[in-house]
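Just so you know, we're using this note's numbering here: the sequence shown kicks off at 5 and counts up by one. Structure, as structure tokens:
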Amino acid sequence: MERVDPFKFPAGSTLKKFENTIFEVGEHRFRPTRILSENWYNNQRKGEFEGENVGTGEAVIVKLRVETDPFLLSKEEQEQTVRRSLEVFRRECRVFEKASPSGYTPRYITHTELEQDDKFEFPSGYLGILVLAKYYTNKYPDIVTDATRKGNIVESEMPELIEQFEDMAVRRQGIKHGGGAPVDIEFDTQSRRLYMVDPFNMEEIEPHEADLADLGELRAVKRHLTKYGFK
């Protein structure tokens, strides 16, 4: 039996069975091929899969948002929970779609909201599906501490990557990184680009060019990189 990573599957997995199931999203058909992570929160299971576009063969990431049986909730609590969960899902889709042209987030492909059928644990509950282009990333803390390892950032790349942060074209799309130290920034080992992949650390703002108001974030990044010997 395959060992389950408790960090990636803290509440076990009920969604793994949907590996190789085909989901129709608008005009497209997507097949999740390998589950990457799953967690449960607020009466919802969130699963992330590697997958493919059945029609084109393009490698994708498929994110499922699945309502679970609300048997412990009152009707009012269930309605509030569903409303909040859908708001969060719609915001996640919106920020990825808005930021996609910047080149600093995984490319948005499509999303949809459906009802679960009887293959799921709560038929008629909501099912949200978000599809992004496949990305090949390492977590930012691993990048700076393991900088000399094969596949991670090498010292000669750091000036260019700092310039990427200074540009951070997501601002021109109306999105910015919302944290202090960029612990949710990831590094795509194929394109050699920095990515924002966590929608909860993306803020929706008025579109603008990087200016003095963004310097705090940029200086925090530079301090963090300099700490590890990168200039």
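For every residue, glycine included, the Cβ atom is placed at its ideal position computed from N, Cα and C. For clarity, every value in this text was computed on a predicted model and none was experimentally measured.
Applying the criterion that 16 or more other CB atoms from any shown protein chain within 10 Å of the CB defines a buried residue, is Tyr199 buried or exposed?
buried
Residues in the same chain with beta-carbon distance under 6 Å from Gln194, minus the five sequence neighbours each way, listed in chain order, please.
Tyr140
Contact check, Arg33 vs Gly55 under 8 Å by CB: the rounded distance?
Going by Cβ atoms, the distance from Arg33 to Gly55 rounds to 10 Å, so no, they are not a contact pair.
For Thr37, which residues in the same chain have their Cβ closer than 8 Å to its Cβ, ignoring the five residues on either side in sequence?
Glu23, Asn24, Phe53, Glu54, Gly55 and Glu56
So what does Asn57 bridge to, in DSSP terms?
Phe34
Is Arg88 buried or exposed, if buried means 16 or more other CB atoms sit within 10 Å of its CB?
exposed
Pick helix, strand or coil for Gln48, following the three-state DSSP scheme.
strand
To which residues does DSSP link Val29 through a beta bridge?
His32
Please go through the same chain and pick out, in chain order, the residues whose beta-carbon is closer than 7 Å to the beta-carbon of Glu96, but skip the five residues on each side of it.
Leu134 and Pro203
For Ala15, name the three-state secondary structure that DSSP assigns.
coil
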